[in-house]
Amino acid sequence: MRASGKEGVVRVKVCGITGYRDAALALDCGVDGLGFNFFARSPRFIKPSEARSIIRRLPPFAVSVGVFVNVEDPAKVVEAAREAGVQVLQLHGDESPEYCTRFYSWPLIKALRLDSGPVKENLRRYAVQAFLLDARDEFRFGGTGKTFDWALAASVKKYRPVILAGGLKTENVGEAIRTVRPYAVDVCSGVESSPGKKDPEKLKAFIREVRNVSKGLNTGDADQA
């Protein structure tokens with residue numbers, strides 16, 4: 343995720359990119375990061391070679407994130423990431439702290455799938471740059487459209503920057519940002535017309551809402567944003 347020159351600005355990552363049109367649209371709207379899902383069971387799955395054909399056409403400062411789920415061999419993750427040309431790794435399964443240490447040369451995001459209970463993981467043990475908070479689903483890893491109790495984020499922010507995900511859309515992202523004050527928000531199904539296909543109007547409205555609320559936080563007047 344690219345750094346912003348303004349303190350307090352909430353960054354935006356759009357996940358589930360499957361085509362160049364959506365990638366270009368997201369960047370034109372001011373998105374900071376693009377997520378490419380390499381989990382074969384996802385409806386937004388994309389092959390590393392297909393992702394590469396998109397990424398190689400992007401502007402030089404566009405940040406691309408490769409999403410992986412419970413890949414047994416870390417070498418396979420690195421191989422796919424290099425083939426695709428992504429710059430950041432996101433581990434979205436049940437990967438252990440020990441597993442995460444295998445990617446010391448990569449910027450790393452670890453997803454925590456939360457429900458209504460407290461965070462059980464020992465977060466100090468994770469050598470990662472950020473935690474992505476998503477809603478737990480028994481069968482799916484991300485892109486579920488479900489939200490979770492945002493109050494749980496407070497216990498995570500003590501350890502690493504938080505990227506907030508899980509059922510975000512224009513109608514609720516403002517409240518989510520005011521509640522959590524995350525480093526970034528991650529949106530997928532909330533800006534889609536169908537899985538893997540972004541809706542231009544939904545995406546523009548989402549980004550506009552994030553920027554407006556961020557501006558309010560930055561001036562200390564979030565309630566007026």
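Each residue of the sequence shown is one higher than the one before, counting from 343 in the numbering used here. Backbone N, C-alpha and C define an ideal beta-carbon position, used for all residues, glycine too.
Check: So who's on the other strand from D528, going by DSSP bridges?
Finding: Its beta-bridge partners are K355.
Check: Sorted by chain position, which residues of the same chain lie with C-beta nearer than 8 Å to A345's C-beta, five sequence neighbours on each side aside?
Finding: Legend: pLDDT at A345 = 43, less than 50; position of this residue unreliable, value from coordinates given subsequently. Within the same chain, no residue comes within 8 Å of A345 by CB-CB distance, once the 5 residues on both sides are set aside.
Margin query: So the candidates are V352, L454 and N412; which of them puts its Cα closest to the Cα of G372?
Written below: Ranking the options by Cα distance to G372, first place goes to V352.
Notebook entry, point to check: Can you tell me whether Y446 is buried or exposed, with buried defined as 16 or more other CB within 10 angstroms of its CB?
Noted result: Exposed: under 16 other Cβ atoms inside 10 Å.
Notebook entry, point to check: Which residue or residues does DSSP assign as beta-bridge partners of V555?
Noted result: Paired residues: none, contrary to the question.
Next item on the list: Return the CA-CA distance between V504 and F473, expressed in angstroms with no decimal places.
Entry: Those two C-alpha atoms are separated by around 5 Å.
Check: From A365, A404, Y525 and F380, pick the residue whose C-alpha is nearest to that of H434; which is it?
Finding: Here the closest residue by C-alpha is F380.
Check: Are V413 and Q429 close, meaning C-beta to C-beta below 9 Å?
Finding: The answer is no: Cβ separation not under 9 Å.
Next item on the list: Just list the beta strand (DSSP E) runs in the region 365-433, keeping only unbroken ones of 3 residues or longer that don't cross its boundaries, in chain order.
Entry: Whole beta strand (DSSP E) segments, 3+ residues: 375-379, 405-410 and 430-433.
Notebook entry, point to check: Given T521, which residues of its chain have a CB within under 6 Å of its CB, disregarding the five upstream and five downstream residues?
Noted result: The answer, listed in chain order, is W492.
Margin query: In the DSSP assignment, the beta strand (DSSP E) including S535 goes from what residue to what residue?
Written below: Annotation: the continuous beta strand (DSSP E) that includes S535 extends over E534 to S536.
Next item on the list: Using DSSP bridges, identify the partner residues of A472.
Entry: Bridge partners of A472: I451.
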